[in-house]
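Here the structure comes first, spelled out in structure tokens, and everything after it is commentary.
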Amino acid sequence: MTMTYADLHQRSLTDRDAFWREQSARIDWHRRPEQICDTSHPPFARWFSGGLTNLCHNAVDRHAGTRGQQAALIYVSTETDTEQVITFAELHQEVQTMAAMLHSLGVRQGDRVLLYMPMIPEAVIAMLATVRLGAIHSVVFGGFASTSLASRIDDAQPKVIVTADAGSRGGKVIPYKPLLDEALRQATHAVDHVLLVDRKLAPADRLPPRDVDHAKLRAQHLQAKVPCTWVDATHPSYILYTSGTTGKPKGVQRDTGGYAVALAASMEHIYQGEPGETFLCVSDIGWVVGHSYIVYGPLITGMATIIYEGLPTRPDAAIWWSLVEKYKVSVMFSSPTAIRVLKKQDPACLQRHDLSSLKHLFLAGEPLDEPTGRWISEAIGKPIIDNYWQTETGWPILSVAHGVQADLPTKFGSPGLPMLGYDVRLLDEATGDEITDPQHKGVVAIQYPLPPGCLQTIWGDDQRFISTYWSSFTRQYAYNTFDWGIRDAEGYYFILGRTDDVINVAGHRLGTREIEEAISAHPAVAEVAVVGVADSLKGQVPMAFAVLKNASTIVTVEQQQALEADVMRTVDQQLGAVGRPARVVFVNVLPKTRSGKLLRRAIQAVCEGRDAGDLTTIEDPTALAQLQAQLKR
Ligand code: PRX
29 MTMTYADLHQ RSLTDRDAFW REQSARIDWH RRPEQICDTS HPPFARWFSG
79 GLTNLCHNAV DRHAGTRGQQ AALIYVSTET DTEQVITFAE LHQEVQTMAA
129 MLHSLGVRQG DRVLLYMPMI PEAVIAMLAT VRLGAIHSVV FGGFASTSLA
179 SRIDDAQPKV IVTADAGSRG GKVIPYKPLL DEALRQATHA VDHVLLVDRK
229 LAPADRLPPR DVDHAKLRAQ HLQAKVPCTW VDATHPSYIL YTSGTTGKPK
279 GVQRDTGGYA VALAASMEHI YQGEPGETFL CVSDIGWVVG HSYIVYGPLI
329 TGMATIIYEG LPTRPDAAIW WSLVEKYKVS VMFSSPTAIR VLKKQDPACL
379 QRHDLSSLKH LFLAGEPLDE PTGRWISEAI GKPIIDNYWQ TETGWPILSV
429 AHGVQADLPT KFGSPGLPML GYDVRLLDEA TGDEITDPQH KGVVAIQYPL
479 PPGCLQTIWG DDQRFISTYW SSFTRQYAYN TFDWGIRDAE GYYFILGRTD
529 DVINVAGHRL GTREIEEAIS AHPAVAEVAV VGVADSLKGQ VPMAFAVLKN
579 ASTIVTVEQQ QALEADVMRT VDQQLGAVGR PARVVFVNVL PKTRSGKLLR
629 RAIQAVCEGR DAGDLTTIED PTALAQLQAQ LKR
């Protein structure tokens, strides 16, 4: 008898260890786990300890024998007009070659390898080769600039950095190497080596003996045989930095065995991808979606995965759908913002290609508004499945698990129901009491322990892990997602936005503090507040309000515009273009409470044309009106 979703979800919580023991059989183990979930040190949870495995083995080696001639990586760049198919057998050799190269540069088990890479096969190969050696990768999104990169280098302390001369976006070459060189000048940590993939897109300075050419070193290791290093299931596989309330990025640390098991299970229960099929996830390896569903999830399942470098609209809005037809994509994963971009294009683009191979389209990263959901589902005639999760969790918290129960309804505006192993609760922000009545707003929380695949800790900072995620609710041992939510009578959740200062720009997670710190680096700026403002295309955009050290310098509109552009350039240099505010508005005073706390929610309300709410604590009652007047200028 097949179990319903409700039965299986219940069982995953009440018979937790038996459930996850069964799920653990989805991956290869060099030695079986001794313990399923070690909860002896809450809020930490250690999954599958005593078990020996390797992520690269599960993603590559075990398929190289059975499906060696099948495509593993399909690389498509509309930026450089390149298409390349790498089979599992070829990938097996390439990861060994790269592992030998990294080993020759001194990388050993537990060492960190930082990647600052565009979307090219070498990036995925370097990730796989790193975990093959039992080393730990940390991919930094290519949209981040020198200062943010430097802070990540200092935190992760990598032995080696893998980079490329440049990326490309919309036909515009974006040099990477000079940004990395600048970051290394700013960082206090010194790396042994930089491995440079030269795509011949941009000139790149080389600093021997630190900088090593990828092609030259590869030529020395073409036939290398490097066995997988068997590591404990709890051994870290990667660090991925994400934004929080403070300016200092958090290094989300992921394990090995729990992650592999969770991804393998999610591929069947949620994404329903089968070995031999093709997965198209149009994210970037610099984000968690890329880690889990461009790289590890599909490969662990024995699927081909498409690495796409380019825009969704170039050469035209049919490009993704042409890939679906050409490579018989069965599962596709994108973001609501990308769909809103397509919606503005010629709808005929969507009808031009044969999409019969496609089973469903998954969207994640930000709220999926109903009009966008309806539009795309009608345009392509396929089920659209929302899924809600975080860098911290590594795989969906909420979705509709059609791989468990095919007839579960989806609801527009709701990502769905708790996924297997997640004990999701809604808690009252002030009291921590559980909210059980339908349609009551609360903070989305997850009862201890988190299922496998979720963050183990913050890299190098257990205390921050506890104080950030586990200390909000004194009456419950619960993980705080920092998202508001409500639940309907049928148990479907609706996500209402963040409770903290994290914003979501085109599905990219950013901290307003990070942007404020970047703007503060501008010599003319005395003080600044950044808020996320609703945007019909990107979901949210950052808006900055700055008080100048000397306001008399910007008398004319031209002076104002010039300074605004200059402040934006500072953000580009410090943080990267991803964090560039939509506008920088100069004001005389920022709205604060009498105790000096910025009234961010009031600023945000004014920007969105809403009522600013209770302002009894405001220090200068004219501050908001001034801000509003400046906004209109
Ligand atoms: O606020 C939620 C929003 O994005 C945050 C996590 O972003 P990130 O760490 O980049 O991970 C993205 C993984 C898909 C969440 O705290 N978010 C993510 N997915 C959804 C969402 N909000 C609403 N609906 C979603 N499906």
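Per the working numbering: the sequence shown = residues 29 to 661.
Where is the CB? At the ideal position from N, CA and C, for every residue including glycine.
Return the bridge partner residues of residue i from the DSSP annotation.
| i | result |
| --- | --- |
| ASN508 | ALA473 |
| SER166 | LEU142 |
| THR42 | Answer by DSSP bridge pairing: none, since THR42 is not bridged. |
| ALA53 | Bridge partners of ALA53: none, in fact. |
| SER105 | THR110 and GLU337 |
| VAL222 | ILE189 and ASP239 |
| LYS278 | THR270 |
| TYR521 | GLY444 and ARG515 |
| ALA562 | GLN568 |
| CYS65 | TRP75 |
| PRO609 | Partner(s): none; PRO609 has no beta bridge. |
| SER84 | Strictly speaking, residue 84 in this sequence is Cys, with Ser absent from that position. The partner list for CYS84 (beta bridge, DSSP) is empty, contrary to what the question assumes. |
| ALA99 | THR115 |
| LYS200 | ARG197 |
| ILE646 | THR621 |
Can you determine whether any heavy atom of the ligand PRX sits closer than 7 angstroms to the C-beta of residue i, and answer yes or no?
| i | result |
| --- | --- |
| GLY393 | yes |
| ILE298 | no |
| TRP349 | no |
| VAL316 | yes |
| ASP312 | no |
| TRP417 | yes |
| ASP664 | The shown model of the chain, from 29 to 661, leaves out residue 664, and the question about it has no answer. |
| PRO277 | no |
| PRO443 | yes |
| ASP511 | yes |
| LEU383 | no |
| ILE114 | no |
| ASP414 | yes |
| THR270 | yes |
| ARG282 | no |
| ARG629 | no |
| ARG197 | no |
| ILE494 | no |
| LEU690 | Because residue 690 is not part of the residues shown, which for the chain are 29 to 661, the question remains open. |
| LEU389 | no |
| ARG537 | yes |
| ARG526 | yes |
| LEU603 | no |
Just verifying my parser: in three-state terms, what is the DSSP assignment at residue i?
| i | result |
| --- | --- |
| HIS536 | strand |
| ILE463 | coil |
| THR584 | coil |
| ARG160 | helix |
| PHE440 | coil |
| VAL634 | helix |
| PHE116 | helix |
| LYS625 | coil |
| LYS253 | coil |
| ALA247 | helix |
| ALA211 | helix |
| THR175 | helix |
| ARG60 | coil |
| PHE573 | strand |
| PHE307 | strand |
| ARG453 | strand |
| ILE543 | helix |
Could you tell me if the beta carbon of residue i falls within a distance shorter than 7 angstroms of some heavy atom in the ligand COA?
| i | result |
| --- | --- |
| ASN532 | The model depicted lacks the ligand COA and carries the ligand PRX instead. |
Legend entry - 4 or more residues per run - each alpha helix (DSSP H) lying fully within the stretch 350–437: The qualifying runs are 364–371, 376–379 and 398–408.
Inset, instruction - Say whether the stretch 326–337 touches the stretch 287–303, bearing in mind that this needs 3 or more beta-carbon pairs closer than 8 angstroms, one atom from each stretch. - result: yes
Inset, instruction - Answer yes if the stretch 60–70 comes into contact with the stretch 31–43, meaning at least three C-beta pairs across the two stretches below 8 angstroms, and no otherwise. - result: no
Legend entry - contact_flag[the stretch 103–114, the stretch 273–287] where n(CB pairs < 8 angstroms) is 3 or more: no
Inset, instruction - Give a yes or no on contact between the stretch 384–403 and the stretch 355–364, applying the rule of three or more CB pairs nearer than 8 angstroms. - result: yes
Inset, instruction - Report yes or no: do the stretch 554–570 and the stretch 624–641 share at least 3 C-beta pairs separated by less than 8 angstroms? - result: yes
Inset, instruction - Give a yes or no on contact between the stretch 223–239 and the stretch 43–57, applying the rule of three or more CB pairs nearer than 8 angstroms. - result: no
Inset, instruction - Kindly confirm or deny that the stretch 252–260 and the stretch 213–228 touch, where touching means at least three C-beta pairs closer than 8 angstroms. - result: Result no; under three Cβ-Cβ pairs closer than 8 angstroms.
Legend entry - Validate contact between the stretch 564–573 and the stretch 190–207 using beta carbons, cut 8 angstroms, 3 pairs: no
Inset, instruction - Report yes or no: do the stretch 546–557 and the stretch 592–603 share at least 3 C-beta pairs separated by less than 8 angstroms? - result: The stretch 546–557, when compared against the stretch 592–603, does touch it at the 8 angstroms Cβ threshold.
Inset, instruction - Say whether the stretch 464–478 touches the stretch 499–515, bearing in mind that this needs 3 or more beta-carbon pairs closer than 8 angstroms, one atom from each stretch. - result: yes
Legend entry - Meets three-Cβ-pair contact criterion under 8 angstroms: the stretch 519–531 and the stretch 430–444: yes
Inset, instruction - Examine the Cβ distances between the stretch 127–145 and the stretch 361–376 and report whether three or more of them are shorter than 8 angstroms. - result: no
Inset, instruction - Indicate whether the contact test is met: 3 or more Cβ pairs, each with one atom in the stretch 155–162 and one in the stretch 134–141, closer than 8 angstroms. - result: The stretch 155–162 makes contact with the stretch 134–141, as at least three CB pairs between them are under 8 angstroms.
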